[in-house]
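Reading through the structure tokens given below for one structure.
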Amino acid sequence: MLKPVNRMLLVNIVSDTDVDANESSFYLPDDVATKNEYEVVSLIETAKDSKFFDVLAAGFKLLVEGHMLREVNISDQTHHLILENHVLGTVV
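Numbering (the numbering used here), first residue to last: 9 to 100.
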């Protein structure tokens, strides 16, 4: 299991919006998880140094900047990380 550090949040992408792959008119790095401007994600784990550590629990739904989600593959497992600064709000 991946443990987030440096104010990162480990999340799962929950929103399922369709985006045309040809719609983008700018370059995105290969590790960007989505081309959607915004995504709803479910919190898995928070880095201990994050301001959200004692505030948000696992399972919280968050609205984040989609282009800032990072996809990391480790031992055939895909993980999604986002820096706490790119959380726009909670979804209730």
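Glycine included, every Cβ here is placed at the ideal spot set by N, Cα and C.
query                                                                                                                                : result
Closest to Val22 by CA distance: which of Tyr46, Ser50 and Glu92 is it?                                                              : Ser50
In its own chain, which residues sit with a C-beta less than 7 Å from the C-beta of His87, not counting the 5 before and 5 after it? : Leu10, Leu18 and Val80
Going by the DSSP bridge assignment, what does Lys69 pair with across the sheet?                                                     : Ser50 and Val99
Check Met9 in the structure and name its three-state DSSP category.                                                                  : coil
Rounded to whole angstroms, what is the Cα-Cα separation between Asn93 and Asp84?                                                    : 28 Å
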